[in-house]
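Taking it in order: structure first as structure tokens, then the write-up.
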Amino acid sequence: MIVLTPLKTFKFPVTAECINPDVFQGKTVAEIAALPVFEGNRQKTLGELFKIEQAEGDNPSITINGDASEVRRIGYGMKTGEIVVNGNAGMHLGEKMAGGRIVVNGNAGQWTGSSMKKGLIEIHGNASDYLASPYRGSTDGMKGGKIVVDGDVGADSGCYLSGGLIKIKGSNTGQFLGYHMSDGTIHVEKNAASRLGANMTGGKIVVSGTVEEMMPTFTIDSVKPKVKIDEAETATGPFYVFLGDLAENGTGKIFASKPNNPNLKAYEKYL
Amino acid sequence: MSIVQSVTCPICGCLCDDIELTIENNEVVKVKNGCAICEAKFLGYRGHHRIKTPLIRKDGKLVPVSMDEAVHAAAEVLANANYPILYGWSSTSSEAQRIGVELTEEVGGVMDNTAVVCHGPSILGVQEVGIPTCTLGQIRHRADLIIYWGCDPWSAHPRHLERYTSFAEGRFEKSEWKAYMQKLKAQAGKKKVQSATRSGLIKTQPPRASSCTLPGAPPSALSKRGRKLIVIDVRKSMSAEMADFFIQVEPNKDYELMQAIRVLIKDGELDVDKVAGVPVEYLKEVADALVNCEFGVIFFGMGLTQTAGKFRNIEVAISLVRDLNMRTKFLIMPMRGHFNVTGANVVSAWQSGYPYGVDFSLGYPRYNPGETTCMDVLIKDEHDATLVIAADPGANFPKKAVQNMVKHPLIVIDPHMNATAMLGDIVFPAAFVGIEVEGTAYRMDHVPLPLKKVVEPPEGIYSDEEILRRILEEVRIIKKQKAQQKVEAT
Chain W
1 MIVLTPLKTF
11 KFPVTAECIN
21 PDVFQGKTVA
31 EIAALPVFEG
41 NRQKTLGELF
51 KIEQAEGDNP
61 SITINGDASE
71 VRRIGYGMKT
81 GEIVVNGNAG
91 MHLGEKMAGG
101 RIVVNGNAGQ
111 WTGSSMKKGL
121 IEIHGNASDY
131 LASPYRGSTD
141 GMKGGKIVVD
151 GDVGADSGCY
161 LSGGLIKIKG
171 SNTGQFLGYH
181 MSDGTIHVEK
191 NAASRLGANM
201 TGGKIVVSGT
211 VEEMMPTFTI
221 DSVKPKVKID
231 EAETATGPFY
241 VFLGDLAENG
251 TGKIFASKPN
261 NPNLKAYEKY
271 L
Chain V
1001 MSIVQSVTCP
1011 ICGCLCDDIE
1021 LTIENNEVVK
1031 VKNGCAICEA
1041 KFLGYRGHHR
1051 IKTPLIRKDG
1061 KLVPVSMDEA
1071 VHAAAEVLAN
1081 ANYPILYGWS
1091 STSSEAQRIG
1101 VELTEEVGGV
1111 MDNTAVVCHG
1121 PSILGVQEVG
1131 IPTCTLGQIR
1141 HRADLIIYWG
1151 CDPWSAHPRH
1161 LERYTSFAEG
1171 RFEKSEWKAY
1181 MQKLKAQAGK
1191 KKVQSATRSG
1201 LIKTQPPRAS
1211 SCTLPGAPPS
1221 ALSKRGRKLI
1231 VIDVRKSMSA
1241 EMADFFIQVE
1251 PNKDYELMQA
1261 IRVLIKDGEL
1271 DVDKVAGVPV
1281 EYLKEVADAL
1291 VNCEFGVIFF
1301 GMGLTQTAGK
1311 FRNIEVAISL
1321 VRDLNMRTKF
1331 LIMPMRGHFN
1341 VTGANVVSAW
1351 QSGYPYGVDF
1361 SLGYPRYNPG
1371 ETTCMDVLIK
1381 DEHDATLVIA
1391 ADPGANFPKK
1401 AVQNMVKHPL
1411 IVIDPHMNAT
1421 AMLGDIVFPA
1431 AFVGIEVEGT
1441 AYRMDHVPLP
1451 LKKVVEPPEG
1461 IYSDEEILRR
1471 ILEEVRIIKK
1481 QKAQQKVEAT
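From first to last, the protein sequence lines stand for chains W and V.
Each residue of the first sequence is one higher than the one before, starting from 1 at the first, in our numbering.
Each residue of the second sequence is one higher than the one before, starting from 1001 at the first, in our numbering.
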């Protein structure tokens, strides 16, 4: 196991896609310390920015102790192993991840789990905007794996989702959750902001709390007592089931808790 | 006295190129054809706010220095910076912008233009779904349905209606100017009748359909012959006054409105009675008008790009246009503000591949608004030097961004002593592009137009291009010296 401790509070953005169990695999501490990173526009080595120690045990493969909120691209494209960040993590954490596990005991930056294919990301604080959403202009969203956020998430999370599961336990989400998603599941345990599931063509969003506002382009389908989240879990309702987004001829489903959303009662006349 | 014709106006994205200037003793004395803003610039650019010499802050005060000293000081700051920002670019020539990209690459910084607080979201929207657009000439000659969404051209682009849309005499579509004047006369007459009724001169007044504003808009406004003008805004702006149909949308609800129209033009049904405060039955009228036009165009402004939803608003607007193109011909265009902000995007994209918010810190251009725009960097205080050219972030940026900007060395290149220049550490006076120096600017429809030099700049004042070129040369010299020192040390 490798333990990384930042040697200072970073002012400039640090681009360190080498912090990845696949890259560290089979390397000595000296070799790891010589890996190239960027701090602002200066190329440096990992050893110049972090204290690097070898600890006993294999799990987790990498531990970062300290504030890494300016450290970007941790675990970029990782396939195996585990990263634990005891502090905040920077942008693009676990981008294009294809396996393994990342645990953040703090907040995570934007584009966490962007375009991930497999694996597990656990965030015990808040996640920022664009959680699991692809880079600008791309429609290549999260395809598989699981993201669990204990806190809130920012705007535009789960865009172009085409597989996998996002669980949000915090009390708020940003706008445009599940924008243009085509498959996969988003479970919001508490409240969801407006423009939920805008332009979605498939998949499902389950909101156990309140929905701030339903898009006018969703049509009510039925009321269901419960809904399956994944193999192990079922959310109990009853839920209003909405179909949409009609603007995209979509057949995505939004499950909105019936007892928590009395404002949606007006839709019942169409049932 | 001399008269210069066909001058391009360096104010807004309309780039009107029919301005006629009268020059006397190296000074503009008369402006013909221009709007009020155009006249104000051509007649007022020599105000007392003009910076006369390069300035450097010493002991808290800006003191005059020589050009060489200022250039060396600026180059020293940029060459040693770990993450500098080079911001502005929208009110200068494309020639200067080109050198700006070269300079940013040389110092490994972030190059950003004013689109970041303006039409940046439009660019993001375009990158998501593409854009069906055209030149303004096409619209002038052919468009029979014009929509202004979240913008007020009568106030911000005063000659836009007159030169390119409703009030322009096109080859296939006639000007609506006369009809508008008649409408004004009719309204004045109506007011007289109302006033006479109030004062008791007329006993009864026959009931009439109300004007074109909602609620109570008559569908006839949309079935009239000739060019139709629809304005969609949160308030009844100056442009809305002259529209055939005005839709007052609830603030921050444009996204819902557009999505609803997208469903209606596909003959879909909605489960709600009102969208964004507008009854669905009126939206159906609008959807009919959109589908039944022969050549429609949507112009949009900050009302879409900087309200809730931001680039998603633009994305859905373009998607609406895409859907409309299944039924008729429809196009969309952003109402760009600064006269060469389009050029800043074009030059940046042509040089680096990305239109704004380009980060050269890793040695190659990267682009990710949210991470690499000057606003992201300033708010998080990640930078260590700033160069501002042809913009005034000191007056417009959020407080926190300005506070962080002035923590580190600030280089300003501007003709005027504006708010940013007052906060600056190294200040360069620049000549006015389009008045004192020539150059190229891009109109809002991406048509490049030449800017003319009509008067000589004051003595000792150089163009943006020249100042940047000298800073770039000096940066290269400093970097070379540093590299040599490093070799000698090892």
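Here a beta-carbon is modelled for each residue, glycine too, at the ideal position from N, C-alpha and C.
In this text the structure is predicted, and so the values were computed from the model without any measurement.
### Partner residues on chain W for residue 1082 of chain V, Cβ-Cβ distance less than 7 Å
In the second sequence, residue 1082 of chain V corresponds to position 82, counting from 1. Chain W residues near residue 1082 of chain V: 12, 40, 41, 42.
### Query
Excluding sequence positions up to five away, which residues of its chain have a Cβ less than 6 Å from the Cβ of residue 29 of chain W?
Position 29 of the first sequence, counting from 1, holds the residue named residue 29 of chain W. Once the five neighbours on either side are set aside, the close Cβ partners of residue 29 of chain W are 52, 54.
### Query
Contact between the region 1432 to 1440 of chain V and the region 1457 to 1474 of chain V: three or more CB pairs below 8 Å?
As far as the Cβ criterion goes, the region 1432 to 1440 of chain V touches the region 1457 to 1474 of chain V, which means the pair count is three or higher.
### Query
Whose Cβ in chain W lies nearer than 7 Å to the Cβ of residue 1271 of chain V?
Start at 1 with the first residue of the second sequence, and residue 1271 of chain V comes out as number 271. Think of a sphere of 7 Å around the beta carbon of residue 1271 of chain V: the chain W residues whose beta carbon falls inside it are 219, 220, 267, 270, in chain order.
### Message
Could you check whether the Cβ of residue 1198 of chain V sits closer than 8 Å to any Cβ belonging to chain W?
### Response
Start at 1 with the first residue of the second sequence, and residue 1198 of chain V comes out as number 198. It does not: the Cβ of residue 1198 of chain V has no partner Cβ on chain W nearer than 8 Å.
### For residue 1195 of chain V, the three-state DSSP class (helix, strand or coil)
Here residue 1195 of chain V refers to the residue found at position 195 of the second sequence. DSSP places residue 1195 of chain V in helix when its eight states are reduced to three.
### Query
Once you ignore the five residues that flank residue 1476 of chain V on each side, which residues in its own chain have a CB closer than 8 Å to its CB?
Against the second sequence, residue 1476 of chain V aligns to sequence position 476. Beyond the five residues adjoining it in sequence on each side, residue 1476 of chain V comes within less than 8 Å, by CB distance, of 1106 in the same chain, given in chain order.
### Task
Helix, strand or coil for residue 1374 of chain V, going by three-state DSSP, please let me know.
One-based indexing of the second sequence puts residue 1374 of chain V at position 374. Residue 1374 of chain V: helix per DSSP, three-state reduction.
### Query
Rounded to a whole number of angstroms, what is the C-alpha to C-alpha distance between residue 27 of chain W and residue 2 of chain W?
Walking along the first sequence from the start, residue 27 of chain W turns up at place 27. Walking along the first sequence from the start, residue 2 of chain W turns up at place 2. Roughly 10 Å between the two C-alpha positions.
### Query
Can you find a CB in chain W that lies within less than 8 Å of the CB of residue 1369 of chain V?
Numbered from its first residue, the second sequence carries residue 1369 of chain V at position 369. Judged by the 8 Å Cβ criterion, residue 1369 of chain V is in contact with chain W.
#### Entry: Sufficient close CB pairs (3 or more, under 8 Å) joining the region 1256 to 1271 of chain V to the region 213 to 228 of chain W
yes
### Query
Under 8 Å, do residue 142 of chain W and residue 115 of chain W count as touching if we go by C-beta distance?
Working through the first sequence from its first residue, we reach residue 142 of chain W at position 142. Working through the first sequence from its first residue, we reach residue 115 of chain W at position 115. Contact: yes.
### Three-pair Cβ contact test at 8 Å for the region 1404 to 1411 of chain V versus the region 1036 to 1054 of chain V
No, because fewer than three Cβ pairs between the region 1404 to 1411 of chain V and the region 1036 to 1054 of chain V fall closer than 8 Å, the two stretches do not touch.
#### Entry: Where the region 1240 to 1264 of chain V meets chain A: residues whose CB sits under 7 Å from a CB there
The question asks about chain A, but that chain is absent: this structure's protein chains are W and V.
### Query
Of all the CB atoms in chain V, is at least one closer than 8 Å to the CB of residue 136 of chain W?
Residue mapping note: residue 136 of chain W aligns to position 136 of the first sequence, counting from 1. Chain V contact via Cβ: present.
### Message
Helix, strand or coil for residue 1167 of chain V? Go by DSSP, reduced to three states.
### Response
Position 167 of the second sequence, counted from the first residue, corresponds to residue 1167 of chain V. Coil, per DSSP.
### Query
List, in order along the chain, the chain V residues whose C-beta lies closer than 9 Å to that of residue 130 of chain W?
Taking the first residue of the first sequence as position 1, residue 130 of chain W is located at position 130. What residue 130 of chain W touches in chain V: 1370.
### Task
Please check the pair residue 1150 of chain V and residue 1304 of chain V, which I expect to be a contact at CB under 8 Å, by giving their CB distance rounded to whole angstroms.
As a working mapping, residue 1150 of chain V is identified with position 150 in the second sequence. As a working mapping, residue 1304 of chain V is identified with position 304 in the second sequence. Contact holds; Cβ gap of about 4 Å.
### Query
Considering residue 4 of chain W, what are the terminal residues of the beta strand (DSSP E) in which it resides?
Here residue 4 of chain W corresponds to residue number 4 of the first sequence, with the count starting at 1. Its beta strand (DSSP E) spans residues 2 to 6.
### Task
For residue 103 of chain W, collect the residues of the same chain with a Cβ closer than 6 Å to its Cβ; drop the 5 residues on either side in sequence, then sort them by chain order.
Reading the first sequence from its first residue, position 103 is the one you call residue 103 of chain W. Same-chain partners within the cutoff: 84, 122.
#### Entry: Host beta strand (DSSP E) of residue 1333 of chain V (start-end)
Here residue 1333 of chain V refers to the residue found at position 333 when the second sequence is read from its first residue. Looking at the DSSP string, the run of the beta strand (DSSP E) that includes residue 1333 of chain V is 1329 to 1334.
### Task
Determine the burial state of residue 111 of chain W: buried for a count of at least 16 other Cβ atoms within 10 Å of its Cβ, exposed for fewer.
To locate residue 111 of chain W, count along the first sequence from 1; it is residue 111. Answer is buried; the Cβ neighbour count reaches 16.
### Task
Compute the distance between the beta-carbons of residue 1313 of chain V and residue 1132 of chain V, then report whether it is under 8 Å.
In the second sequence, the residue the question calls residue 1313 of chain V occupies position 313. In the second sequence, the residue the question calls residue 1132 of chain V occupies position 132. No, they are not a contact pair.
### Query
Where does residue 1181 of chain V fall in DSSP's three states?
Taking the first residue of the second sequence as position 1, residue 1181 of chain V is located at position 181. Here residue 1181 of chain V sits in helix by DSSP.
### Task
Please confirm if the region 1427 to 1434 of chain V is in contact with the region 1054 to 1071 of chain V, defined as three or more CB-CB distances below 8 Å between the two stretches.
yes
### Query
What residues of chain W sit near residue 1138 of chain V, judged by a beta carbon separation below 9 Å?
Within the second sequence, residue 1138 of chain V is the residue found at index 138, counting from 1. Neighbours of residue 1138 of chain V on chain W: none; closest Cβ ~27 Å, over 9 Å.
### Task
Kindly indicate which three-state DSSP category residue 1118 of chain V falls into: helix, strand or coil?
The residue labelled residue 1118 of chain V in the question sits at position 118 within the second sequence. DSSP places residue 1118 of chain V in coil when its eight states are reduced to three.
#### Entry: CB of residue 145 of chain W within 8 Å of CB of residue 158 of chain W, strictly
Here the question's residue 145 of chain W lines up with position 145 in the first sequence. Here the question's residue 158 of chain W lines up with position 158 in the first sequence. Contact: no.
#### Entry: Short CB-CB distance (under 8 Å) between residue 15 of chain W and chain V
For the purposes of this step, residue 15 of chain W is taken as residue 15 along the first sequence, with counting starting at 1. Closer than 8 Å to some Cβ of chain V, the Cβ of residue 15 of chain W qualifies, so yes.
### Message
Quick check on this structure: which residue in W:86, W:46, W:40, W:21 has the alpha carbon closest to the alpha carbon of residue 33 of chain W?
### Response
The residue you call residue 33 of chain W lines up with position 33 of the first sequence. Of all alpha-carbon atoms in W:86, W:46, W:40, W:21, the one lying nearest the alpha-carbon of residue 33 of chain W is that of W:46.
### Element boundaries [alpha helix (DSSP H), containing residue 1403 of chain V]
Taking the second sequence and counting its residues from 1, the one referred to as residue 1403 of chain V is at position 403. Counting along the chain, the alpha helix (DSSP H) containing residue 1403 of chain V begins and ends at 1399 to 1405.
### Message
For a contact defined as C-beta to C-beta under 9 Å, what are the partners of residue 1286 of chain V on chain W?
### Response
Within the second sequence, numbered from 1, the residue matching residue 1286 of chain V stands at position 286. The contacting residues do not exist; residue 1286 of chain V stays about 15 Å from chain W at best.
#### Entry: Reduced DSSP secondary structure (H/G/I, E/B, other) of residue 105 of chain W
The count along the first sequence starts at 1 and reaches residue 105 of chain W at position 105. Coil.
### Chain-ordered chain W contacts of residue 1128 of chain V [CB-CB under 7 Å]
Against the second sequence, residue 1128 of chain V aligns to sequence position 128. Those are 137, listed as they occur along chain W.
### Task
Enumerate in chain order the residues of its own chain whose CB-to-CB distance from residue 235 of chain W is below 7 Å, with the five nearest sequence positions on each side excluded.
As a first step, residue 235 of chain W is located in the first sequence; it is residue number 235 there, counting from the start. Setting aside the 5 residues that flank it on each side, residue 235 of chain W is surrounded in the same chain by 187, 206, 208, 226, 227, 229, each with a C-beta closer than 7 Å to its C-beta; the list follows chain order.
### Query
Residue range of the alpha helix (DSSP H) that residue 1477 of chain V falls in?
Walking along the second sequence from the start, residue 1477 of chain V turns up at place 477. Here the alpha helix (DSSP H) through residue 1477 of chain V covers 1464 to 1489.
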